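To keep things clear, I will list the structure first and then write my remarks on it.
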Amino acid sequence: MNLFSILSFVVIISCVWLFAYKRSRGVNVDGAEGFFMGGRSLTALPIAGSIIMTNLSTEQIVGQNGQSYVAGMEVMAWEVTSAIAIVMLASVFLPKYLKYGINTVSDFIEIRYDTQIKRIISALFIITYITSFLPVVLYSGSLVFNKIFRIDELLGIRPITSIIVVSLAIGVIGILYLLIGGLRLSAYSDTVYGFGLLACGLLIPTIGVTMLGNGSFIAGIDHIVDNTPWLLNSVGSIDSAIVPWPTLLTGMMFNNLYFWCTNQMIVQKALAGKNLAEAQKGVFLVGFFKVFGALFLVFPGIVARNIFGDALMGMPDEAYPTLVTHVLPEMIYGVFAAVIFGAILSSFSGALNATSTLLSLDFYKPVFNKQATDYDITRFGKKITIAIGLLSIFISPLISFAPAGLYQFVQEFNGLYNMPLLVIILLAFYSKKATAFAAKVTIYLHIILYALSKIVLKDVHFLYVLSVLFFLDMLVMFVVSKLKPDGDFELKVFNTKVDITPWKHTKLVSVITVLVVVLTYLMFSPVGIAR
Numbered sequence: 227m228n229l230f231s232i233l234s235f236v237v238i239i240s241c242v243w244l245f246a247y248k249r250s251r252g253v254n255v256d257g258a259e260g261f262f263m264g265g266r267s268l269t270a271l272p273i274a275g276s277i278i279m280t281n282l283s284t285e286q287i288v289g290q291n292g293q294s295y296v297a298g299m300e301v302m303a304w305e306v307t308s309a310i311a312i313v314m315l316a317s318v319f320l321p322k323y324l325k326y327g328i329n330t331v332s333d334f335i336e337i338r339y340d341t342q343i344k345r346i347i348s349a350l351f352i353i354t355y356i357t358s359f360l361p362v363v364l365y366s367g368s369l370v371f372n373k374i375f376r377i378d379e380l381l382g383i384r385p386i387t388s389i390i391v392v393s394l395a396i397g398v399i400g401i402l403y404l405l406i407g408g409l410r411l412s413a414y415s416d417t418v419y420g421f422g423l424l425a426c427g428l429l430i431p432t433i434g435v436t437m438l439g440n441g442s443f444i445a446g447i448d449h450i451v452d453n454t455p456w457l458l459n460s461v462g463s464i465d466s467a468i469v470p471w472p473t474l475l476t477g478m479m480f481n482n483l484y485f486w487c488t489n490q491m492i493v494q495k496a497l498a499g500k501n502l503a504e505a506q507k508g509v510f511l512v513g514f515f516k517v518f519g520a521l522f523l524v525f526p527g528i529v530a531r532n533i534f535g536d537a538l539m540g541m542p543d544e545a546y547p548t549l550v551t552h553v554l555p556e557m558i559y560g561v562f563a564a565v566i567f568g569a570i571l572s573s574f575s576g577a578l579n580a581t582s583t584l585l586s587l588d589f590y591k592p593v594f595n596k597q598a599t600d601y602d603i604t605r606f607g608k609k610i611t612i613a614i615g616l617l618s619i620f621i622s623p624l625i626s627f628a629p630a631g632l633y634q635f636v637q638e639f640n641g642l643y644n645m646p647l648l649v650i651i652l653l654a655f656y657s658k659k660a661t662a663f664a665a666k667v668t669i670y671l672h673i674i675l676y677a678l679s680k681i682v683l684k685d686v687h688f689l690y691v692l693s694v695l696f697f698l699d700m701l702v703m704f705v706v707s708k709l710k711p712d713g714d715f716e717l718k719v720f721n722t723k724v725d726i727t728p729w730k731h732t733k734l735v736s737v738i739t740v741l742v743v744v745l746t747y748l749m750f751s752p753v754g755i756a757r
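This is how it looks when you write it as structure tokens:
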């Protein structure tokens, strides 16, 4: 990176902050609604930007492109199929959540079941975010940032030192974002970074394909189709290590429903919408982004394979950084660096905001200070934001001493509770007889079975395991509720806080989104351009 790149990086970061700050000033962040929920004032675009950037991390960009360098387009299942779960969030989950007027997913569980099960779920979310997600976002993001932009060489320091420097910068800025403007400021900055990531992300494979075609984009596509047609196949084999095809509509779909429809980190951004219609529109934008996001989260790996051949086969995670440095003009390095920095920052601040929300609203107020005022809750939220943020900054470099084990733990930890949480919420929607006792039994039994699966079925793909456990959890909920009934649940008074009139095009856009997913799979299959 030259001086111009560094200056452009600093200018972009500063301008995005100023823009977001000005847009967020209309909401008072001294109150809980303003700080944690953006004053329930977000419109479609900032909702979409916030969800996208909270979900999207640099580890995804590098990791998925590294996988596609080896295995091809079957990696896109993690992106493209999530659009169907996002349709479910918009058309099924959000209307029910907003009708109840909740701030957290665990609030809904408390209303439908009881306080104990609420705190179990809330505690699992908090433990996940603090012990794994937040420090890993900082560490892996800083690692990737250094890998692409060679910060260690630029500053003449050791790689681990550069990772500490980048982690510190991202962590401190993320904390300041939330302290100054809460969720609303973060959402507006995420929107800008989202547009930048889309533009820069698509630019890299476009230049790469044009290089392959000696100046012609069409000729470059022909080169890929002619030389590596097997990499364009999105349908994995039955024993694939990436995504076995039988799991696309089972384990993968259930996992997506958990992540997009019940995960506090994601759902909170939609709950901050000014009304149901705006929230639905924002969520649908996310759905379309996830489908087309495969073009810069997966396809560049195939471009790299065609440019570099098998040279990176022993280190596939180098495919994307190597492609970036090979095709990207040096004069826009600063722009791309700012976008990548923003992606890490967004994931960190999004998870940090969700963690402080859960701790403040689910534990501080009802458990530790029942007399707390709105101001007290917000003050605690800001203090815990600082504490957790600093703890994450401290932990992140330590991951370098055991990256493989901890990274694997991060990937697998959600399996401890994702399926029972999804089952509990689905039955909360559609069963009047599901009981709190059955929910607790389901969670405890699932944890035991999932832990056993890691010992007995360690060679079986975890999506197959989730496929089976979802139905077992559903069966346990039904049987235990039947054996130990607790009357019929019926809530007659709702604490609805915003207009819950659905967007008039919800059904049409839902159908279009699903069709786009199907057509995308057909295009990247033997029926389409793959062989």
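For our numbering, count along the sequence shown from 1 and bump the result up by 226. The beta carbon of each residue, even a glycine, is placed where N, CA and C say it ideally should be. Computed from a predicted structure; not experimentally measured.
Contained alpha helix (DSSP H) runs [length at least 4] in the region 291-346, N- to C-terminal order
If one requires a minimum length of 4 residues, the alpha helix (DSSP H) runs lying completely within the region 291-346 are 303-306, 308-314, 320-326 and 331-338, in chain order.
Buried/exposed call for Asn721, threshold 16 Cβ in 10 Å
Here residue 721 is taken as the residue at index 495 of the sequence shown, counted from 1. Result: exposed.
Verify whether the separation of the beta carbon atoms of Asn501 and Asp340 is less than 8 angstroms.
Your numbering for residue 501 matches position 275 in the sequence shown. Your numbering for residue 340 matches position 114 in the sequence shown. Contact: no.
Could you give the residue range of the alpha helix (DSSP H) that holds Met279?
As a first step, residue 279 must be located in the sequence shown, where it is residue number 53. According to the DSSP assignment, Met279 belongs to the alpha helix (DSSP H) that extends over Ala270 to Asn281.
Helix, strand or coil for Asn579, going by three-state DSSP, please let me know.
Residue numbering aside, residue 579 sits at position 353 when the sequence shown is read from its first letter. It is helical.
Measure the C-alpha to C-alpha separation of Cys223 and Val667 and round it to an integer number of angstroms.
With the chain represented from 227 up to 757, any question about residue 223 goes unanswered, as that position is not in the structure.
As assigned by DSSP and simplified to three states, the class of Asn481:
The sequence position of residue 481 within the sequence shown is 255, counting from 1. In the structure shown, Asn481 sits in a helix (DSSP, three-state: H, G or I).
Leaving out the 5 sequence neighbours to the left and right, which residues in its chain are closer than 7 angstroms to Pro385 when beta-carbon positions are compared?
As a position in the sequence shown, residue 385 is number 159, starting the count at 1. Taken in chain order, the residues that qualify are Asn372 and Asp378.
At what residues does the alpha helix (DSSP H) containing Glu379 begin and finish?
Within the sequence shown, the letter at position 153 stands for residue 379. Glu379 -> alpha helix (DSSP H) spans Ile377 to Leu381.
Report whether the distance from the Cβ of Ser276 to the nearest heavy atom of the ligand NAP is below 7 angstroms.
In the structure on display, the ligand NAP does not appear, and there are no ligands present to speak of.
With a CB to CB cut of under 8 angstroms and the five nearest residues on each side skipped, what residues in its chain are close to Tyr484?
By one-based count along the sequence shown, residue 484 stands at place 258. Hits under 8 angstroms: Asn640, Asn644, Met645, Leu647 and Leu648.
If distances are taken between C-alpha atoms only, which option among Val694, Val706 and Val553 comes closest to Ile533?
Counting from 1 along the sequence shown, the entry for residue 533 is found at position 307. Checked all of Val694, Val706 and Val553; the closest Cα to Ile533 is Val553.
Nearest CA to the CA of Ile310: which residue from Thr604, Tyr546, Trp486 and Ala654?
Taking the sequence shown and counting its residues from 1, the one referred to as residue 310 is at position 84. For the residues Thr604, Tyr546, Trp486 and Ala654, the minimum Cα distance to Ile310 belongs to Trp486.
Apart from the five residues on each side of it in sequence, which residues of its chain come closer than 7 angstroms, Cβ to Cβ, to Leu369?
In the sequence shown, the residue the question calls residue 369 occupies position 143. Ile389, listed in sequence order.
Three-way DSSP call (helix, strand, coil) for Asn459 in this model:
Within the sequence shown, numbered from 1, the residue matching residue 459 stands at position 233. If DSSP states are grouped into helix, strand and coil, Asn459 belongs with coil.
Rounded to the nearest angstrom, how far is the Cβ of Leu211 from that of Ser348, given a contact under 8 angstroms?
An answer regarding residue 211 cannot be provided, because it is not within the stretch 227 to 757 covered by the chain.
So the alpha helix (DSSP H) Glu544 belongs to, where does it begin and stop?
Taking the sequence shown and counting its residues from 1, one reaches residue 544 at position 318. Under the DSSP assignment, Glu544 falls outside any alpha helix (DSSP H); it carries neither an H nor an E label.
Hey, is the region 425-441 in contact with the region 601-620, meaning 3+ C-beta pairs nearer than 8 angstroms?
Short answer: they don't touch.
Look at the Cβ atom of Ile669, then the Cβ atom of Leu364, and state whether they are nearer than 8 angstroms.
For this step, residue 669 is matched to residue 443 along the sequence shown. For this step, residue 364 is matched to residue 138 along the sequence shown. A distance of 8 angstroms or more separates the beta carbons of Ile669 and Leu364.
Quick check on the DSSP output: the alpha helix (DSSP H) that includes Trp729 runs from which residue to which?
In the sequence shown, counting from the first residue as 1, residue 729 sits at position 503. Trp729 -> no alpha helix (DSSP H), and no H or E assigned at all.
Using CA atoms only, rank isn't needed, just tell me which of Gly535, Ala580 and Arg251 is closest to Leu350.
As a working note, residue 350 is residue 124 in the sequence shown. For the options Gly535, Ala580 and Arg251, the alpha carbon positioned closest to that of Leu350 is the one of Ala580.
Taking the CB atoms as reference points, tell me whether Ser572 and Tyr419 lie closer together than 8 angstroms.
As a first step, residue 572 must be located in the sequence shown, where it is residue number 346. As a first step, residue 419 must be located in the sequence shown, where it is residue number 193. Yes; because the gap between Cβ atoms is below 8 angstroms, this pair is in contact.
Measure from the alpha carbon of Ser317 to the alpha carbon of each residue in Met703, Phe574 and Phe510, then state which is nearest.
Translated into the one-based positions of the sequence shown, residue 317 becomes position 91. The shortest C-alpha separation from Ser317 is found at Phe510.
Here's a check: name, in chain order, each residue in its chain whose Cβ is nearer than 7 angstroms to the Cβ of Ser250, leaving out the five neighbours to either side.
In the sequence shown, residue 250 corresponds to position 24, counting from 1. Closer than 7 angstroms at Cβ, skipping near neighbours: Gly407, Arg410, Leu411 and Tyr414.
Taking the alpha carbon of Pro752 as the reference point, which residue from Leu521, Leu458, Lys608 and Phe704 has its own alpha carbon closest?
By one-based count along the sequence shown, residue 752 stands at place 526. Checked all of Leu521, Leu458, Lys608 and Phe704; the closest Cα to Pro752 is Leu458.
Which residues does DSSP list as the beta-bridge partners of Gly499?
Numbered from 1 along the sequence shown, position 273 holds the residue referred to as residue 499. In the DSSP output, where bridge partners are listed per residue, Gly499 has Leu268.
Cα-Cα separation, Ala537 to Thr284
By 1-based counting over the sequence shown, the position of residue 537 is 311. By 1-based counting over the sequence shown, the position of residue 284 is 58. Within the model, the alpha-carbon separation for Ala537 versus Thr284 is close to 23 angstroms.
Excluding the 5 residues preceding and the 5 following Ile447 in the sequence, name in chain order all residues of the same chain whose CB lies nearer than 8 angstroms to its CB.
Walking along the sequence shown from the start, residue 447 turns up at place 221. Excluding residues within five positions, the ones whose Cβ falls inside 8 angstroms are Val435 and Gly439.
Closest Cα partner of Ile614 within the set Val719, Pro361 and Thr307
Residue 614 sits at position 388 when you count from the first residue of the sequence shown. Here the closest residue by C-alpha is Pro361.
For Ala395, which residues from the same chain have a beta carbon less than 6 angstroms from its beta carbon, with the 5 sequence-adjacent residues on both sides left out?
The residue labelled residue 395 in the question sits at position 169 within the sequence shown. Correct list: empty, nothing qualifies.
Within 8 angstroms, strictly: CB atoms of Val593 and Gln490:
Residue numbering aside, residue 593 sits at position 367 when the sequence shown is read from its first letter. Residue numbering aside, residue 490 sits at position 264 when the sequence shown is read from its first letter. For the pair Val593 and Gln490, the CB atoms are not nearer than the 8 angstroms cut-off.
Straight-line Cα distance separating His672 from Ile343
Translated into positions along the sequence shown, residue 343 becomes position 117. Translated into positions along the sequence shown, residue 672 becomes position 446. When rounded, the distance between both Cα atoms is 14 angstroms.
Is Ala505 helix, strand or coil by DSSP?
Within the sequence shown, numbered from 1, the residue matching residue 505 stands at position 279. Of the three classes helix, strand and coil, the one that applies to Ala505 here is helix, per DSSP.
Any contact of the region 712-721 with the region 676-695, i.e. 3+ C-beta pairs under 8 angstroms?
No, because fewer than three Cβ pairs between the region 712-721 and the region 676-695 fall closer than 8 angstroms, the two stretches do not touch.
Who are the near neighbours of Ala630 in its chain, counting only those whose CB is closer than 6 angstroms to its CB and skipping five residues on each side?
Indexing the sequence shown from 1 puts residue 630 at position 404. Bear in mind that a pLDDT of 45 at Ala630, under 50, signals an unreliable position, so the model cannot answer this.
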